[in-house]
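Here is the structure we will look at, set down as structure tokens.
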Amino acid sequence: MSALEFEQMTKAWPPLSRAVRVPHTETEYRELVELLDHLTEEVGEDEDHPLASLMDVLAVLIERYE
3 MSALEFEQMT KAWPPLSRAV RVPHTETEYR ELVELLDHLT EEVGEDEDHP LASLMDVLAV
63 LIERYE
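Heads up: the sequence shown runs through residues 3 to 68, numbered per the numbering used here.
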């Protein structure tokens, strides 16, 4: 990862971290499930969609809570 990519990631993460996080409560868990449901509707089976990998990340976070 280049310094520029790292800088861009550092700027992008704070707003994303409010939605993509390890759930510690039932409410946070439900919010992640809702987000995953929305992404599933949007992305569907399109593995080339820019948000497809986010679905994988959310699934892991949800599974960890369960």
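Yeah, the Cβ is synthetic: ideal placement off N, Cα and C, and Gly gets one too.
Residue 34 is not a Cβ neighbour of residue 57, given a cutoff of 7 Å. Excluding five sequence positions before and after residue 24, the CB atoms of its chain that fall closer than 7 Å to its own CB belong to 63 and 66, given in chain order.
A direct Cα-Cα distance of roughly 31 Å separates residue 26 from residue 50.
With a cutoff of 7 Å on beta-carbon distance, residue 6 and residue 38 are scored as not near each other.
Positions of the alpha helix (DSSP H) runs, each at least 4 residues long and wholly inside the region 26 to 65, are given as 28 to 45 in order along the chain.
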